[in-house]
Amino acid sequence: MAVESVERLVGQGPPYAHRHGDLALARRRPLCKPAGPSIQLREFTVIQRFDTGPRMSEMTVHNGVAYLAGQVAEDDSLDISGQTREVLAQIDALLARAGSDKSKLLRAQIFLVDLADFAAMNAVWEQWVVPGHTPARATVQAALANPKWKVEIVATAAV
Amino acid sequence: MAVESVERLVGQGPPYAHRHGDLALARRRPLCKPAGPSIQLREFTVIQRFDTGPRMSEMTVHNGVAYLAGQVAEDDSLDISGQTREVLAQIDALLARAGSDKSKLLRAQIFLVDLADFAAMNAVWEQWVVPGHTPARATVQAALANPKWKVEIVATAAV
Amino acid sequence: MAVESVERLVGQGPPYAHRHGDLALARRRPLCKPAGPSIQLREFTVIQRFDTGPRMSEMTVHNGVAYLAGQVAEDDSLDISGQTREVLAQIDALLARAGSDKSKLLRAQIFLVDLADFAAMNAVWEQWVVPGHTPARATVQAALANPKWKVEIVATAAV
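Chains as they are written, first to last, in the working numbering: chain A, 6 to 164; chain B, 6 to 164; chain C, 6 to 164.
The following block contains the structure:
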């Protein structure tokens, strides 16, 4: 897993999980001690970023949730089906890097440049999602930064 | 609570909470053992999905947060006030199934087909929200998948 | 930190952290007791709201995540650069009140009224973000509630 940057947001005591060499573990597990007179909790929370550039990261992961950037097609000459396939493949690739996958999607916000593409986008989408594990979703029409893009999808997933 | 699908994302040891027959409990509580030489943490994280179809779920719940799909009116012949009322009633119904309610809304993204409906939508909205417990909100104009729909609301809430 | 409202969503036993006078601590730390025959977990989850009005709050914080309302310029006579600067300053101010900052942004959804403003908005944005700590981002075109607004940004951050 290529993690470009990891930040310790909260850290009391030694970075416990680092000593165990298991960052993924640390990210999800609050480390606890027994409640009582001598209670002393240890925790730290991290943000992981992927493909971090000067403007944005393609994905951030925090507290067991992956926040993906809006994904658009690399090949903007493709039709709506082709662009949707590329977008979904990019989501697959990003989720894999976070140790997640499309069965763990929580929500997708879909922006279509032309709602006339709704059926064609859905046909590709429904082939892609995992039956029984579909995310919450919302689709609206909006112009995108590159006039040749036809669809942009903003995905949120559990990791 | 009708939970259509529950996934164990992380599971070490027996699914502890299941033995206690309290899934809702398990979803929110990391199960911990004392820190120390013999520390051994148990945790599993679940995604719950509601009204899961081949395209989307109407709601997913993960880590104490409910992610609702964009809600639109069942009766698309209604005016903006009527459609807004239907949308908010659907949000109420979904949140109730997750054991939450509108006082726990974290954010609402509102898409209006015509910003001329802003005041009428707000009048219904402000009657609906719980004073002192209003969510973060953003409203923009966007065309929706069904041309008769006038408003779509994407809600996120604590459960 | 001005917290307008804090809710105890789940509370078994005395509100532990309150006794220690450290709400921020309580918000992030599940309080645990040893697992075993006598296991008895304590936890409560809170929602914090900031600038809560009858329609919306400017920010809600839950489970270590800040959900900001869509931020728009106070001075709607400014050009895109000026409005973007104002929006980003408002995000800075809100994040500071939650004990966070722009280096902890998880995602930004940007709505531009005119995509012709994309480059000018980005120039201000790229001066503002923290190198190496940029969030996931998505930008689409959408009309906003006030016709003089040129940009609205919906930010999500770790706290």
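Each residue gets a CB set at the ideal place from its N, CA and C atoms; glycine is no exception.
- Message: Cβ closer than 7 Å: which chain A residues qualify as neighbours of V118 (chain C)?
- Response: Ordered by position in chain A, no residue passes the 7 Å Cβ test against V118 (chain C), which lies about 11 Å from the chain.
- Message: With a threshold of 8 Å, are at least 3 pairs of Cβ atoms found where one atom belongs to the segment 135-143 of chain C and the other to the segment 71-81 of chain C?
- Response: no
- Query: Given 8 Å as the limit, is there contact between the segment 117-137 of chain B and the segment 80-100 of chain A, that is, 3 or more CB pairs closer than that?
  - Reply: no
- Message: So for L83 (chain B), helix, strand or coil by DSSP?
- Response: coil
- Message: Can you pull the chain C neighbours of T139 (chain B), defined as C-beta to C-beta under 8 Å?
- Response: R54, T57, G58, P59, R60, M61, S62
- Message: Does G65 (chain B) come out as helix, strand or coil in the three-state DSSP assignment?
- Response: First, the residue type needs correcting, since residue 65 (chain B) is Thr and not Gly in the sequence shown. Note: T65 (chain B) maps to strand in three-state DSSP.
- Item | Beta carbon proximity, P20 (chain C) to chain A, threshold 8 Å | Residue placement at P20 (chain C) cannot be trusted, given a pLDDT of 33 that sits under 50; the coordinates are not used to answer.
- Message: Measuring only the C-alpha atoms, how far is E48 (chain A) from G69 (chain A)?
- Response: Low local confidence applies: a pLDDT of 42 at E48 (chain A) is under 50, so the model's placement there is unreliable, with the coordinate-based value given in what follows. Roughly 14 Å separates the two Cα atoms.
- Where the beta strand (DSSP E) containing A71 (chain B) begins and where it ends: 70-73
- Message: Using only the alpha-carbon positions, how far apart do D97 (chain C) and E157 (chain B) sit?
- Response: 29 Å
- Between Q165 (chain C) and Y72 (chain C), what straight-line distance do the alpha-carbon atoms span, to the nearest angstrom? Summary: the structure shown does not reach residue 165 (chain C), with chain C confined to residues 6 through 164, and so no result is reported for it.
- Item | Closest Cα partner of G104 (chain C) within the set C:P59, C:K153, C:Q76, C:H67 | C:H67
- In terms of residue numbering, what span does the alpha helix (DSSP H) encompassing Q132 (chain B) cover? 123-133
- Task: Compare the C-alpha of M64 (chain B) against each of B:A148, B:L99, B:K153, B:K107 and name the closest.
- Result: B:L99
- Closer than 8 Å to chain A by CB, A148 (chain B): yes
- Message: On the CB-based measure, 16 or more other CB atoms within 10 Å of its CB, does L121 (chain B) come out buried or exposed?
- Response: The sequence given here places Ala at residue 121 (chain B); Leu does not occur at that position. A121 (chain B) should be labelled exposed.
- Query: Is the beta carbon of K109 (chain B) less than 8 Å from the beta carbon of I52 (chain C)?
  - Reply: yes
- Message: Check for me: the beta strand (DSSP E) holding D145 (chain B) runs from which residue to which?
- Response: Looking at the sequence shown, residue 145 (chain B) is not Asp but Val. Segment 141-146, the beta strand (DSSP E) holding V145 (chain B).
- Message: Taking 8 Å as the threshold (C-beta atoms), are S86 (chain A) and A125 (chain A) in contact?
- Response: yes
- Message: Could you compute how far the alpha carbon of L117 (chain C) sits from the alpha carbon of F116 (chain A)?
- Response: 14 Å
- Message: I want to verify the contact list: residues of chain C whose CB lies under 8 Å from the CB of W130 (chain B), in sequence order.
- Response: R60
- Q53 (chain B) - containing beta strand (DSSP E), residue span: 51-55
- Give a yes or no on whether the minimum CB-CB distance between G75 (chain A) and chain C is below 8 Å. yes
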